[in-house]
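Take the sequence shown: its letters are residues 0 to 305, numbered as in numbering that gives the first Met the number 0.
In this text, a Cβ means the ideal position worked out from N, Cα and C, and glycines have one as well.
See structure below.
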Amino acid sequence: MSAEATLAARDLGVRRGRREVLAGVDIDLHPGETTAVLGPNGAGKSTLLAVLAGLLSPACGWVETRGRVASAAQAPALARRSVRANLELGMSWWGVPRAARRQRALAALAALGVEGLAERHAHTLSGGEARRVHLARVLAVEPDVLLLDEPFAGLDPSARADLLDDVAGVLRSSARSTCVVVHDRAEAWALADRVLVLLDGRVAAAGPPPQVLDRPPSIEVARFLGFSGELADGGEVVMARPGQVRLDPAGPLRGRVARRVPVEDGVRLEIELARGRLHALAPLPGPELGTEVGLRLEGAVRLPRR
């Protein structure tokens, strides 16, 4: 374990029956950094967090930590008492002196914008309010390593966006390492200094967000990250997200609209080309089915075929 890391794991493996849930996973968490873990359902994200938190023993590999490790599960399971009492109860389990609990509880609630809920009964909270209290409870114990499992799960788009903005600031602490499982790349962009992509229980990509999210290392990672357009080009595949495909009558590529899907403020187009398919976004009304269109790519990636 390096002198800088507060948590390090090497060669983690977890099996359930004959199924390999995690295999050969390495991860380091450093103070002042937030690591976001991305992956499809069943990739092993929550299992990884459980192993890092010490809630699940790996079949192989090891985890070493410095300081206190606290984790917050997906579900904000709050006790049937006041919001402040929920936070103070959590701190009592961690051995925080009674005299310090009230102040720390109120400070954590204020950091997440819900100090006004301190005396409310937990069962009266909305989903978004409960999620904020859930996060405040784990922040109040002031851990050295913070593990969060999909903290925005189950929220409507507006509540999710508001919480994401607030959490992005709260997690920035030079004294704490954070690892957060997130649902999509927008959450990773907002929160992370480092991104780890899990596919089938293995680390398929790791690095800073621009490196991983904009320049994925493989076709499989690119597909997961939304690079849905694919064009064959010799021994390579050119891959692009819909936002990287521009309709342009003078563009170097020609294709025909094969499908139209209405989206907010426009239409998503599936376009057939001689060497593959691309997806593009266009304002309403957009070209009709069967229309030939010109295209240009901005920011597409080239990846070797396997």
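Cβ neighbours of leucine 154 within its own chain (closer than 8 Å, five residues either side excluded): Gly126, Gly127, Arg130, Leu162. Collapsing the DSSP output to three states places alanine 139 in coil. By the criterion of at least three beta-carbon pairs nearer than 8 Å, the stretch 13 to 33 is in contact with the stretch 162 to 180.
Taking 7 Å as the cut-off, the Cβ atoms of glycine 298 and glutamine 210 do not count as close.
Using a 10 angstroms sphere on the CB of histidine 122, the tally of other CB atoms stays under 16, which defines it as exposed. In the three-state reduction of the DSSP assignment, tryptophan 61 falls in the strand class, which pools E and B.
Residue burial annotation: serine 91 is exposed, with fewer than 16 other C-beta atoms found within 10 angstroms of its C-beta. Beta-carbon to beta-carbon, glutamate 235 and arginine 255 are separated by about 23 Å, too far to satisfy the 8 Å threshold. For valine 24, the uninterrupted beta strand (DSSP E) segment begins and ends at 18 to 28.
Under the Cβ criterion (8 Å, minimum of three pairs), the stretch 9 to 24 counts as touching the stretch 48 to 63.
Each of Leu6, Thr5, Ala72 was checked against the Cα of valine 180, and the nearest Cα belongs to Ala72. If you draw a 10 Å sphere on the C-beta of alanine 185, you find fewer than 16 other C-beta atoms in it, and that means exposed.
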